Each structure stands twice: as structure tokens, then as C-alpha cells.
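Colleague:
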Amino acid sequence: MSAGYGITYFLEKHMEIVWAFPGDLGTCLPDRKVFDMEVGHEHKEPVFVSRFATGIVYADIENRARLPREGVAQEQRAYFAAHDFFKAMRLHPLAIPSHNMINIFPPSLRDTAPEIFPIKDGQRYFPRDIPSPAQRNDGPKDWQSWHPCYTNPKTVALAIAAARKAFQDSDTICFSIG
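In this note's numbering, the protein residues as written are 606 to 783.
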């Protein structure tokens with residue numbers, strides 16, 4: 606995978622070939638027919654220790670179910686079989702900061718911190734409790750598709766407390782709020 610990142614970097618910097626987004630339309634090629642460059646050596650290190658993008662899926666259904674648990678972000682051998690867009694993004698999920706809101710602000714907080722819940726149609730909105738993993742594929746995911754009131758100081762205090770606890774209780778290197 607690292608060699609693949611180097612090749613992608615080389616193509617972008619020295620050949621002006623860029624994969625801007627999935628598909629042929631996202632493959633950006635330069636107008637020139639000749640590529641000249643000086644012989645030399647270049648050493649690069651990644652800017653990010655970890656980078657991962659959620660909400661991006663493979664074009665085919667079979668691979669879509671694998672991301673992010675098994676896809677290009679997890680299997681190095683999949684680098685050359687993966688979509689060029691994923692390669693161009695140089696994903697490396699050492700830490701995956703995503704979808705943690707439901708853990709920081711579970712629906713059960715309605716009993717102790719009702720003021721952090723949003724207002725919907727003029728009334729305080731309380732999502733249903735988090736279902737067990739076996740029940741999660743049944744019905745709408747309304748238990749996770751909501752946001753707390755970000756302007757409430759208690760919301761901020763709860764997020765800070767959860768982050769502090771995560772860093773104190775483990776070898777955590779990343780704590781996602783989003």
C-alpha cells in the first residue's frame with residue numbers, strides 16, 4: 606500500500622495525473638504528450654498519521670458491504686484492486702473518528718440531561734433506546750439519526766468529560782465527537 610501511495614504521489618506531482626473522484630470523469634489527465642523530469646531522489650513522509658473518510662462506498666454492491674471493515678482501508682493487498690479514488694485519498698485508518706455521537710450522547714441521557722436533546726416540531730425530541738446488535742437491521746435507525754443541542758453548555762461539558770475519560774482509561778490516540 607505504501608508503494609501505491611508513492612506511485613500516486615509521483616503521478617500527481619510529476620505527471621499531473623489526478624483521480625479527483627470515482628469514474629472516468631474524475632480521472633484528470635494533462636494535455637501534454639511528453640513528460641520530462643530530472644533524475645533525482647525525493648523523500649516524503651505522510652502529513653497525517655491516520656486518515657479515513659466515511660460515507661464513501663465502492664461502486665459495486667459486493668465490495669460496498671466490506672468497507673470499512675475489510676476494504677481497501679484494511680487490506681493492503683487490495684490496493685491495486687481498489688478504486689483509484691480511494692488510492693488518491695491515501696486512506697490509512699489507524700484511528701477512525703466517526704459515528705461516536707451515539708456513544709457520547711446515548712438516548713438514555715433523557716433522564717439525567719433532557720436539555721441536551723433537540724427540539725423537533727416545537728417539542729423536545731427523545732430518540733428510542735439503542736437496540737441490540739441483532740435488532741439494528743429492523744426498522745429505521747432513529748435511535749442514531751439525531752444530534753444534541755450543540756449550543757447547550759451541558760452538551761459541551763458531557764463531550765469534554767467523555768473525551769477525558771477515554772484518554773485516561775486507555776491508550777486512546779483519537780477521540781471522535783462526530
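Every residue, glycine too, gets a C-beta built ideally from N, C-alpha and C. In this text the structure is predicted, and so the values were computed from the model without any measurement.
(1) Check each candidate in Cys779, Asp734, Glu720 and name the one with the smallest Cα separation from Gln728.
(2) With respect to the alpha helix (DSSP H) encompassing Ala762, which residues constitute its N-terminal and C-terminal limits?
(3) Which residues does DSSP list as the beta-bridge partners of Cys633?
(4) State the start and end residues of the unbroken alpha helix (DSSP H) segment that holds Asn708.
(5) Enumerate in chain order the residues of its own chain whose CB-to-CB distance from Asn705 is below 6 Å, with the five nearest sequence positions on each side excluded.
(6) From the DSSP output, in three-state form, read off Gln749 for me.
(7) Under the three-state reduction of DSSP, which class applies to Val662: helix, strand or coil?
(8) Suppose you measure from the CA of Asp776 to the CA of Ala766; what does that come to, to the nearest Å?
(9) Measuring straight from C-alpha to C-alpha, what distance separates Asp774 and Ala764?
(10) For a test of the three-state rule: what should DSSP assign to Ala715, helix, strand or coil?
(11) Straight-line CA distance for Phe710 to Leu634?
Modeller: Quick answer:
(1) Comparing alpha carbon positions, the residue from Cys779, Asp734, Glu720 closest to Gln728 is Glu720.
(2) 758-774 is the span of the alpha helix (DSSP H), which, as asked, contains Ala762.
(3) Under DSSP, Cys633 shares a beta bridge with Val623.
(4) In the DSSP assignment, Asn708 falls within the unbroken alpha helix (DSSP H) covering 706-709.
(5) Cβ within range, chain order: Ser781.
(6) Looking at Gln749 - three-state DSSP - the assignment turns out to be coil, as it is neither helix nor strand.
(7) Legend: pLDDT at Val662 = 46, less than 50; position of this residue unreliable, value from coordinates given subsequently. Three-state DSSP puts Val662 in coil, outside helix and strand.
(8) Counting only the Cα atoms, Ala766 lies some 17 Å from Asp776.
(9) If you draw a straight line from the Cα of Asp774 to the Cα of Ala764, it comes to about 15 Å.
(10) The question names Ala, but residue 715 is Arg in the sequence shown. Residue state, collapsed to three classes: helix.
(11) Each residue's Cα considered, the two are about 46 Å apart.
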